[in-house]
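Residues 18 to 317 (the numbering used here) make up the sequence shown, in order.
Glycine is no exception: its CB is placed at the ideal position from the N, C-alpha and C atoms.
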Amino acid sequence: MHFPYQSLDRRLGGMKSLGGFATMTASAASNQIGAAVGAHAFAAIGPAGVVAVRQFVAAAVLLPVARPNLRRFTRAQWWPTLALGLVFATMNLSLYMAIDRIGLGLAVTLEVLGPLGVALAGSRTRRDFLFVLIAAAGVYVLVLPGPSSDYLGVGLGLLAAGCWAAYILLNRLVGARLPGLQAPAVATAMSAMLYVPVAVLLVLHGKLTGMSILYAVGAGVFCSVVPYAVDVIALRKVPARLFGLAMSVHPVLAALAGLVVLGETLALHHWAGISLVVTANALAVTCSKWSGSPTVNSEM
Numbered sequence: 018m019h020f021p022y023q024s025l026d027r028r029l030g031g032m033k034s035l036g037g038f039a040t041m042t043a044s045a046a047s048n049q050i051g052a053a054v055g056a057h058a059f060a061a062i063g064p065a066g067v068v069a070v071r072q073f074v075a076a077a078v079l080l081p082v083a084r085p086n087l088r089r090f091t092r093a094q095w096w097p098t099l100a101l102g103l104v105f106a107t108m109n110l111s112l113y114m115a116i117d118r119i120g121l122g123l124a125v126t127l128e129v130l131g132p133l134g135v136a137l138a139g140s141r142t143r144r145d146f147l148f149v150l151i152a153a154a155g156v157y158v159l160v161l162p163g164p165s166s167d168y169l170g171v172g173l174g175l176l177a178a179g180c181w182a183a184y185i186l187l188n189r190l191v192g193a194r195l196p197g198l199q200a201p202a203v204a205t206a207m208s209a210m211l212y213v214p215v216a217v218l219l220v221l222h223g224k225l226t227g228m229s230i231l232y233a234v235g236a237g238v239f240c241s242v243v244p245y246a247v248d249v250i251a252l253r254k255v256p257a258r259l260f261g262l263a264m265s266v267h268p269v270l271a272a273l274a275g276l277v278v279l280g281e282t283l284a285l286h287h288w289a290g291i292s293l294v295v296t297a298n299a300l301a302v303t304c305s306k307w308s309g310s311p312t313v314n315s316e317m
């Protein structure tokens, strides 16, 4: 027998999922706006300086919330946490250096190949092979290799993609070994410590002042604090596949943020490449059998 409340429950569940997707999309938009805001400080303090301030902001938020007890960490908990800290440091620096060279939209599109690779890892089906071909075609159309291509910028974007893939895998591991946000908090703090020499040099040269600090702090707030606060709430109610689908909009939002905040105008082939990569990622997420736990959307 069909009961009216069963239909109502399904509708409410659908509304919650839709609301969760909208919330994560807003979180992704905040992330890309933050990256665009941070790019304004590149001329003054460079990508490394922006990453340093951003990591300090993220650590200042996460450590008081997670309150990790370092004395109780075991060897099995320490090594993936240390690896995660190194990934944080490398991922953010490589992404920001790529943004500085090839622009926000292109850099983030290349970075999204990381989660796509994780979603398709180990698959041997023709359907998933098709997704790989679509993504590869997207990258080719996006870059259009030639004498004027910035291969270093593309390489940095791909390095960020590899780091994002490693972040997802390590986050699953530490999530099973440490409760709450202890591992991300410690990893972020360790990443921040690696950038202390950068901050010291900037202070000694009188560069870490005025608008450069405001832009870098803005990047930390929009890229770490806002997504962290939003995702902690949303990810408790949103299925992993829906989370993966929300990640697919990052390149589009990055391109729009680059256009509005930085004045970056993309060519038609750029938009075509972005569309192909986004399509490949969305199809891979919705069609795959992967059902792992979603991870925090912000790049710490």
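Query                                                                                                                                                       : Result
Nearest to residue 273 by CA position, among 244, 200, 120, 221, is which residue?                                                                          : 120
Among 144, 181, 105, which one has its Cα closest to the Cα of residue 135?                                                                                 : 181
Can you find a CB in chain C that lies within less than 9 Å of the CB of residue 228?                                                                       : Note that chain C does not occur in the displayed structure, where there is just one protein chain.
Going by other Cβ atoms of all chains shown within 10 Å of its Cβ, with 16 needed for buried, is residue 286 buried or exposed?                             : exposed
Quick check: the segment 162-170 against the segment 101-121, are at least 3 beta-carbon pairs closer than 8 Å?                                             : yes
Is it right to say residue 165 is buried, meaning 16 or more other beta carbons lie within 10 angstroms of its own, or is it exposed?                       : exposed
Nearest-angstrom Cα distance between residue 275 and residue 267?                                                                                           : 12 Å
Where residue 122 and residue 66 are concerned, what is the direct C-alpha to C-alpha distance, given to the nearest angstrom?                              : 21 Å
List the whole-angstrom C-beta distance separating residue 232 from residue 55, where the pair is believed to meet the contact cut-off of C-beta under 8 Å. : 6 Å
Helix, strand or coil: how does DSSP classify residue 128 here?                                                                                             : helix
Roughly how many angstroms lie between the CA atoms of residue 68 and residue 214, to the nearest whole one?                                                : 12 Å
Indicate the three-state DSSP secondary structure (helix, strand or coil) for residue 170 in the structure shown.                                           : helix
Could you compute how far the alpha carbon of residue 220 sits from the alpha carbon of residue 161?                                                        : 40 Å
Which of helix, strand or coil does DSSP assign to residue 294?                                                                                             : helix
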